[in-house]
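So in this note's numbering, the last one in the sequence shown is 468, and the numbering has no gaps at all.
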Amino acid sequence: MFDVHVFSSQTQAWNSKVALLSLSESENKFFCRHDTCKQITIGSSLGWVDLLRGILVVHKVFDEYPVIKYIPFPESRPFSPDKEESDAPQYFRDVACCNNMIKFVHIESHDPCCTGNKDWKATTWNRKLSWGDWRQRFTVKVDDISVDQSYSALLPELWDSETGKLDLKKLNFYTPTLSMCDDDFLYVMSKVNDEDDKAWVITVDMKHEVVQAVAPFSAGDMDFLPMYCPCSFPKYLNMTPGDPPFFPVV
Numbered sequence: 219m220f221d222v223h224v225f226s227s228q229t230q231a232w233n234s235k236v237a238l239l240s241l242s243e244s245e246n247k248f249f250c251r252h253d254t255c256k257q258i259t260i261g262s263s264l265g266w267v268d269l270l271r272g273i274l275v276v277h278k279v280f281d282e283y284p285v286i287k288y289i290p291f292p293e294s295r296p297f298s299p300d301k302e303e304s305d306a307p308q309y310f311r312d313v314a315c316c317n318n319m320i321k322f323v324h325i326e327s328h329d330p331c332c333t334g335n336k337d338w339k340a341t342t343w344n345r346k347l348s349w350g351d352w353r354q355r356f357t358v359k360v361d362d363i364s365v366d367q368s369y370s371a372l373l374p375e376l377w378d379s380e381t382g383k384l385d386l387k388k389l390n391f392y393t394p395t396l397s398m399c400d401d402d403f404l405y406v407m408s409k410v411n412d413e414d415d416k417a418w419v420i421t422v423d424m425k426h427e428v429v430q431a432v433a434p435f436s437a438g439d440m441d442f443l444p445m446y447c448p449c450s451f452p453k454y455l456n457m458t459p460g461d462p463p464f465f466p467v468v
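Below, the structure is given as structure tokens:
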């Protein structure tokens, strides 16, 4: 048994209730080793995300008896609960939620031991709490992502004189971040060289395999684990017709 403590903004008081555990034997092994990386809200439910293993969900926290359930990640890249991973999962995975839809991305790289990779592919999945499994959305290889030549002014280092195109494989890619909006955008932090102070956020439209936006920021001597988190604040802004599209990152 576990206790759930809920604060009411109406009564300005805390309320405690018992949460029931609904896990199989195999799920319970993951539960005992669960290492929370981030939290998400899924309607009236709360999720604690372990990017290596899955999501612990307190289902319907406002019910009299909330239920704790477990959502494993897609089986295409299973992780053993008895295996330790060398790299932090934030380097190659992210989870977000939009309109009760859970979104998951996994980055596979040519050299999984290296945190900055030039050769990679990203796969996204969606899932609702009522579904029995994940549904794959898109798999995109970095070689197949088209880049408009207008970005050459920002990143001339990407120019490939042999192909006459901008090549994303000239960038070192690090942590992925999923959009919290109802779209298929993936944000990836990148650098031209590992030692550079300047970093770039590349917005990739997974559905159309195209770079949608590029934005620079000063990374300084930060490590490559995310020092930011996505938010849905821009959707509350009044955007008048004709305004250029806004791609929120943090």
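Note that beta-carbon positions come from the ideal geometry of N, C-alpha and C, so glycine has one too. As the structure is a computational prediction, the values presented were derived from the model and not from experiment.
Boundaries of the alpha helix (DSSP H) harbouring Asn246: 243-250, taken from the DSSP string.
With the rule of 3 Cβ pairs closer than 8 angstroms, the stretch 239-249 does not count as touching the stretch 306-313. In its chain, beyond the 5 residues on either side, Leu238, Ser240, His277 have a beta carbon closer than 6 angstroms to the beta carbon of Val285. Residue burial is scored here from C-beta neighbours: Tyr288 has at least 16 other C-beta atoms within 10 angstroms and is therefore classed as buried. Rounded to whole angstroms, Phe225 and Tyr283 show a C-alpha spacing of 16 angstroms. At a Cβ-Cβ threshold of 8 angstroms, Cys316 and Asp400 count as neighbours. Apart from the 5 residues on each side of it in sequence, Gly261 sits with its Cβ closer than 7 angstroms to the Cβ of Asn318 in its chain, given in chain order. Annotation: the continuous beta strand (DSSP E) that includes Pro394 extends over 390-396. Secondary structure at Pro292: coil, using DSSP grouped into helix, strand and coil.
Secondary structure at Lys387: helix, using DSSP grouped into helix, strand and coil. As computed with DSSP, Ala306 is found in no beta bridge at all. When Lys359, Ser244, Ala431, Val267 are compared, the shortest CA-CA separation from Tyr369 is found for Ala431. Under the DSSP assignment, Val406 falls in the beta strand (DSSP E) whose first and last residues are 403-409. Membership of Asp423 in the beta strand (DSSP E) is indicated by the continuous run 416-423.
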